[in-house]
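Below: one structure, written as structure tokens.
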Amino acid sequence: MESELEKVLDIAGHGRYNIMVLLVSSTIHLASILDLLGFCVIVPAAACDLKLGMREISLLTSIPFAGYLSALPWGYYVDTHGRRKAILISTSVGAVFATLTTFSTSFTMMLVLKLLGCLFSTASITLSITYLGECTGTRNRTRYLLILNCFNLISDFICYALAYLILGLQFEIPLPWLAITFRPWRLLTLVMAVMLAVGGFVIFFLHESPKFLATKGRVDEALEVMKTGYGLKDRDVDLVKSLLTVTKDTGNERKLPFMMSLWQQTAPIFSRPYLMKTLQLFFLLAVCTSTNNVFYIWFPTIVNSFYNAPSNATASFCDKITSNITADVHLGETCNDVIADNTIFSGMAFSLFFTIINYIASMITSWRKSVLVGTLLISGMSTVVVDLVEQPVISLLLFILIQLVGLSAGNVASYFVDVYPTSFRGLSTSLGSMFARMTVMVGINIVGSTIVQHCRATFLSWSIFVFVGMVVACFLPKETTTTRNPLFYGRCSNCIKKWLKVTQPTGSTRTMTCA
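Quick note on numbering: the sequence shown equals residues 107 to 621 in this note's numbering.
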């Protein structure tokens, strides 16, 4: 069935609608990530108004990840009601709660509103991946998912940039009817909520995934999407319709009770022949996501402590960050809503660096397995060596390279599209993301509780986690030419073939060109 669906997209070709889907999916993905991670910048700035202590700040910065607890019902909904409808609800309701969070008057109010909002908005992070993957043909899918991951990475840069532009403003607008004073941190929260609302608005103008429509037996609707969206030519209509008819999922015709239907959607993911692939992909997604996000959440604290440490040419990385981390970890003590410029600029440079690398990777290569194994190796080695180097610049660079594995999150996500059929692909992706984000929550607490007293052991233990992921990644399926970048792979393979052809028995070669 999946092969027929792939043929349909290949017949339709690649055009402006695919680019539009990429832009819209990337916008939604970016806005959802900002709603998730932006709180680690907003909460310290709100500490004065909401009277937050360190315990409250820790809870508020970690509560957005609890939104992934809704992954199971969202996965069920997206596989039964459609990708587009789920994204529309997720972004719209999430934007409403994010807007209400702007006017929080207490710690409890902000905690509850943020949790409710993230139960909706976080779903769009994975749903945008599924939607883009299903609307894109095999030749461009991996590259598009890597580009989508660029927006994931650049979200860090935008978060710090918005913080630099907004939190540095000096204004206080009393709103007595709301019992609050509107200050810069509230404006920053509102701006991020508007971005999420924009994502929900633009998805309204796109079509449902033709794959989903076909598997539900809605062949005429799927055909209409192929004609109006993809520009399907009249001469191909009959062929495409016959292929779409074959893909109808007859298992969904009979109405079942909710729990039985939920079990029917979930059970195949953890049964043969998908069980081992599920465990493999869930673990790899957890390694990539947690290694990137855990150290990202602690990035401001660690970098602040690193910059403020006494000058000592022989001090290791751990010596520098633990020398005064207990004093600097109380980020909420400042009441002027200003975050240190060094921290903001370092965060912006760090994000821009990874975005550029990810974009280059998406343009020159799509060997997912090789890129995944390579980034895991670099990340693991950096985790081992970071505290062994006494040169400050190099040690800080190694700390940044630990998060390099975040580049491969999109690679792992693309395997979900390849491994699982359309009927429960959305649920499998949502569950994998939920498991990964729960790992992030655990990792944040582990690093926070151990890094001061056992800094080196923390990094070494994490390296084991990464190296195990590298071994697991080695058992992924081999790449095929259809999943590689046609521009890069085609030219290189053409060069190799021509070189072999013109090479003389004596070893001499003639001049050649590669088309």
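Note that beta-carbon positions come from the ideal geometry of N, C-alpha and C, so glycine has one too.
For Arg-189, is the classification buried or exposed, using 16 other Cβ atoms within 10 angstroms of its Cβ as the cut-off for buried?
By the neighbour-count rule (16 or more Cβ atoms within 10 Å), Arg-189 is buried.
Kindly give me the distance between the Cβ atoms of Val-130 and Val-308, rounded to whole angstroms, as I take these residues to be in contact under 8 Å.
Sure, about 5 Å apart at Cβ, within 8 Å.
Please state whether DSSP places Leu-281 in a helix, a strand or coil.
Strand at Leu-281.
Can you give the Cα-Cα distance for Arg-247 and Cys-256, rounded to whole angstroms?
Near 14 Å, if we compare the C-alpha coordinates of Cys-256 and Arg-247.
Helix, strand or coil, according to DSSP, for Phe-412 in the structure here?
Helix.
Only counting runs of 4 or more residues, tell me where the alpha helix (DSSP H) segments fall wholly within the segment 474-558, in order along the chain.
Fully enclosed alpha helix (DSSP H) runs of 4 or longer: 474-491, 498-507, 515-525 and 528-556.
Do the segment 291-306 and the segment 200-215 make contact, defined as three or more Cβ pairs closer than 8 Å?
In short, these stretches touch, since the Cβ pair count reaches three.
I'd like to know if the segment 205-220 and the segment 511-530 are in contact, where contact means that at least 3 CB-CB pairs between them fall below 8 Å.
Cβ pair count under 8 Å is below three, so no.
If the criterion is Cβ atoms closer than 9 Å, does the pair Phe-565 and Val-492 meet it?
Yes.
How about Leu-252 and Asn-464: do their beta carbons lie closer than 9 Å?
Taking 9 Å as the Cβ cut-off, Leu-252 and Asn-464 qualify as a contacting pair.
For Gln-276, is the classification buried or exposed, using 16 other Cβ atoms within 10 angstroms of its Cβ as the cut-off for buried?
So Gln-276 counts as exposed.
Would you kindly check if the distance between the Cβ of Gly-453 and the Cβ of Asp-262 is under 9 Å?
Their beta carbons are under 9 Å apart, which means Asp-262 touches Gly-453 by this criterion.
Any heavy atom of the ligand ADP closer than 8 Å to the CB of Gln-386?
Only the bare structure without any ligand can be found here, which leaves the ligand ADP out of the picture.
Classify Asn-591 as helix, strand or coil using the three-state DSSP reduction.
Below a pLDDT of 50, predicted positions are generally treated as unreliable, and Asn-591, at 47, falls in that range; the measurement from the model is reported next regardless. Looking at Asn-591 - three-state DSSP - the assignment turns out to be coil, as it is neither helix nor strand.
Beta-carbon within less than 8 Å of Leu-142's beta-carbon, same chain only, minus the 5 sequence neighbours each way: which residues are those?
Pro-170, Phe-171, Gly-173, Cys-224, Ser-227, Thr-228 and Ile-231, listed in sequence order.
I think Met-298 touches Leu-140, with their Cβ atoms under 8 Å apart; what is that distance to the nearest whole Å?
5 Å between Cβ atoms; contact.
Hey, how far is the Cα of Leu-494 from the Cα of Thr-321?
Roughly 55 Å separates the two Cα atoms.
Quick check: the Cα distance between Tyr-126 and Ile-235, rounded to an integer number of angstroms?
The question names Tyr, but residue 126 is Met in the sequence shown. One C-alpha to the other measures close to 14 Å.
State the Cα-Cα distance for the pair Pro-316 and Leu-206, rounded to the nearest angstrom.
When rounded, the distance between both Cα atoms is 35 Å.
Excluding sequence positions up to five away, which residues of its chain have a Cβ less than 7 Å from the Cβ of Val-578?
Only Gln-386, Phe-389 and Leu-390 meet the Cβ criterion.
Tyr-380: which of Ile-286, Thr-242, Val-523 and Cys-394 sits nearest, CA to CA?
The shortest C-alpha separation from Tyr-380 is found at Val-523.
In three-state DSSP terms, what is Gly-357?
For Gly-357, the predicted model reports a pLDDT of 46, less than 50, meaning its position is unreliable; a value from the coordinates is still stated below. Note: Gly-357 maps to helix in three-state DSSP.
Throw me the rounded Cβ distance for the Val-479 and Met-576 pair, which I believe falls under 8 Å.
Sure, about 6 Å apart at Cβ, within 8 Å.
Which residues in the same chain as Ser-488 place their Cβ atom closer than 7 Å to its Cβ, once the five residues preceding and following it in sequence are excluded?
These residues qualify, in order along the chain: Leu-504, Leu-507 and Ile-508.
List the whole-angstrom C-beta distance separating Ser-485 from Leu-510, where the pair is believed to meet the contact cut-off of C-beta under 8 Å.
Rounded, the Cβ-Cβ distance is 5 Å, consistent with contact.
Assuming Phe-288 is part of the beta strand (DSSP E), what are its boundary residues?
Segment 286-288, the beta strand (DSSP E) holding Phe-288.
Quick one: residues in its chain with C-beta nearer than 7 Å to the C-beta of Phe-412, no 5 flanking neighbours on either side, listed in chain order?
Once the five neighbours on either side are set aside, the close Cβ partners of Phe-412 are Lys-426, Ile-427 and Leu-502.
Would Thr-395 and Ala-177 be called neighbours here (beta carbons separated by less than 9 Å)?
No.
Can you check which of these residues, Thr-287, Ile-260 and Ser-132, is closest to Ser-210 by C-alpha distance?
That would be Thr-287, whose Cα lies nearest to the Cα of Ser-210.
Considering only the alpha carbon of each residue, which of Phe-310, Leu-158 and Val-409 lies closest to Leu-194?
It is Phe-310 whose Cα lies nearest to the Cα of Leu-194.
Just to confirm my understanding: we take His-120, look at its own chain, exclude 5 residues before and 5 after, and list those with CB closer than 7 Å. What are they?
So the list reads Gly-243 and Asn-246, once near-sequence residues are dropped.
For Lys-220, does the three-state DSSP call read helix, strand or coil?
Reduced to three states, the DSSP call for Lys-220 is helix.
Quick one: what does DSSP say Arg-378 is sitting in, helix, strand or coil?
Note: Arg-378 maps to coil in three-state DSSP.
Would DSSP call Asp-241 helix, strand or coil?
A small fix is needed here, since residue 241 is Cys in this sequence, not Asp. Here Cys-241 sits in coil by DSSP.
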